[in-house]
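K.L.:
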Amino acid sequence: MEATQTAIEQIVKETNTSDENLKAIHLDLSSLKSVKQCARAVKTIFSDHLDMLILNAGVFGLPYEETEDKLDRTFQVNHLSHMYFALLLEPLLKNGSRVVFVSSESHRTASLKNVFVRQNLAHPRDNYSAMLAYGNSKLYNVITAMILSEEWKHKGISVNSLHPGNMVSTNLPNSWWLYKLLFFIVRPFTKSLQQAAATTVYVATASELDEVTGLYFNNCFYCEPASLARDKDIAHEVFSISLCMIQERMGAEIIQPYIDKYCAKKRTSK
Numbered sequence: 000m001e002a003t004q005t006a007i008e009q010i011v012k013e014t015n016t017s018d019e020n021l022k023a024i025h026l027d028l029s030s031l032k033s034v035k036q037c038a039r040a041v042k043t044i045f046s047d048h049l050d051m052l053i054l055n056a057g058v059f060g061l062p063y064e065e066t067e068d069k070l071d072r073t074f075q076v077n078h079l080s081h082m083y084f085a086l087l088l089e090p091l092l093k094n095g096s097r098v099v100f101v102s103s104e105s106h107r108t109a110s111l112k113n114v115f116v117r118q119n120l121a122h123p124r125d126n127y128s129a130m131l132a133y134g135n136s137k138l139y140n141v142i143t144a145m146i147l148s149e150e151w152k153h154k155g156i157s158v159n160s161l162h163p164g165n166m167v168s169t170n171l172p173n174s175w176w177l178y179k180l181l182f183f184i185v186r187p188f189t190k191s192l193q194q195a196a197a198t199t200v201y202v203a204t205a206s207e208l209d210e211v212t213g214l215y216f217n218n219c220f221y222c223e224p225a226s227l228a229r230d231k232d233i234a235h236e237v238f239s240i241s242l243c244m245i246q247e248r249m250g251a252e253i254i255q256p257y258i259d260k261y262c263a264k265k266r267t268s269k
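Per numbering that gives the first Met the number 0, the very first residue in the sequence shown carries number 0; after that it's consecutive.
#1: Rounded to the nearest angstrom, what separates Phe115 and Arg97 at their Cα positions?
#2: Using a 10 Å radius around the Cβ and a threshold of 16 neighbouring Cβ atoms, would you call Leu121 buried or exposed?
#3: Any chance the CB of Glu150 is under 6 angstroms from a heavy atom of the ligand GTP?
#4: Classify Met0: buried if its beta carbon has 16 or more other beta carbons within 10 angstroms, exposed otherwise.
#5: Which value, in whole angstroms, describes the spacing of the CA atoms of Leu161 and Cys219?
#6: Following the continuous beta strand (DSSP E) through Phe216, name the residue where it begins and the one where it ends.
#7: Between Asp68 and Ser29, what straight-line distance do the alpha-carbon atoms span, to the nearest angstrom?
#8: Is the beta carbon of Gly95 closer than 7 angstroms to that of Gly271?
#9: Less than 7 angstroms between C-beta atoms, sequence neighbours within five positions excluded: which residues of the same chain meet that for Asp27?
#10: If I follow the unbroken alpha helix (DSSP H) through Ser80, where does it start and stop?
#11: At 4 residues or longer, what runs of the alpha helix (DSSP H) sit wholly inside the stretch 206-240?
#12: From the DSSP output, which residues share a beta bridge with Phe45?
#13: Pick helix, strand or coil for Pro172, following the three-state DSSP scheme.
#14: For Met146, name the three-state secondary structure that DSSP assigns.
#15: On the DSSP bridge assignment, give the partners of Asn159 in chain order.
#16: Apart from the five residues on each side of it in sequence, which residues of its chain come closer than 8 angstroms, Cβ to Cβ, to Glu210?
#17: Taking only the alpha-carbon atoms, compute the straight-line gap between Thr108 and Tyr139 and give it to the nearest angstrom.
#18: Is DSSP giving Ile53 helix, strand or coil here?
#19: Excluding the five sequence neighbours on either side, which residues of its own chain have a C-beta within less than 7 angstroms of the C-beta of Ser136, listed in chain order?
#20: What's the C-alpha gap between Lys152 and Ala144?
#21: Using only the alpha-carbon positions, how far apart do His81 and Ser17 sit?
#22: How long is the line joining the alpha carbons of Val99 and His106, rounded to whole angstroms?
#23: Distance check for His48 and Lys260, CA to CA, integer angstroms please.
#24: Residue range of the alpha helix (DSSP H) that Ala6 falls in?
#25: Exposed or buried, what is Met130 when buried is set at 16 or more other beta-carbons lying within 10 Å of its beta-carbon?
Given below as structure tokens:
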């Protein structure tokens, strides 16, 4: 929360706004319980509606590490908790609201080999690959955005995903010395934080994107996502398994309509 408070102070200083307009709420994406608590707090503070929801947080290059929910940390932080958070906040999303999933071009490196056989989207401990786990989690971001765009478009809610920029100066590479070295070498050739944020700001605010939903953006332009993301059967399977993984740990509160629609379809097809 210290970094958040620093950001609030900087925003107040640079925009001359009141800190009453800026609220910080604790959220630990490695805990589904924390996600639920944060969503409850958001509903209390923003009781009317949310104009935009930007799902931006993520981890990269971590070794296999289980969360309190017995899930791979990269998978849960980058995908499952974001999906759960968005579903919990659905009641606050109204006509004109925008939801942005910050994905990555790394979604093109994803591999779903044996994922559907195991009915578990998280990369297994055996032969764990940090890069593959990250790529898969970013694919799930694109897929989730596409599914929710279909589910919510009748309400006038836009849901899109995007790639923010290559190897920008964030905390993502702080997990391993080799990544730190790589990021240091390529930093002069990558985007600044401001440049990397441009696509996110554009997708969240641009007037020409009113009613635009279900798309993937890169460098402020629409970009065709990977073929895995465009496969509707794969997308539905990813979404339904994610729902089941949430239900197993947190119950079906709020997400019951989606459980009935997607998980019932899975049971019927067996």
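Backbone N, C-alpha and C define an ideal beta-carbon position, used for all residues, glycine too.
These numbers come from a predicted model, not from an experiment.
P.N.:
Taking the coordinates as given:
#1: 31 angstroms
#2: Here residue 121 turns out to be Ala, not Leu, going by the sequence shown. Ala121 comes out buried.
#3: In the structure on display, the ligand GTP does not appear, and there are no ligands present to speak of.
#4: exposed
#5: 9 angstroms
#6: 215-217
#7: 8 angstroms
#8: This structure does not reach residue 271, given that the chain is present from 0 up to 269, and the question cannot be answered.
#9: Ser33
#10: 80-87
#11: 226-229
#12: Paired residues: none, contrary to the question.
#13: Note that Pro172 scores a pLDDT of 48, beneath 50, so its modelled location is shaky and nothing firm can be said.
#14: With the sequence shown as reference, residue 146 is identified as Ile, and Met is not the correct amino acid for it. Residue state, collapsed to three classes: helix.
#15: Val99
#16: Gly155, Ser157
#17: 12 angstroms
#18: strand
#19: Thr73, Phe74, Asn77, His78
#20: 11 angstroms
#21: 29 angstroms
#22: 16 angstroms
#23: 26 angstroms
#24: 1-14
#25: exposed
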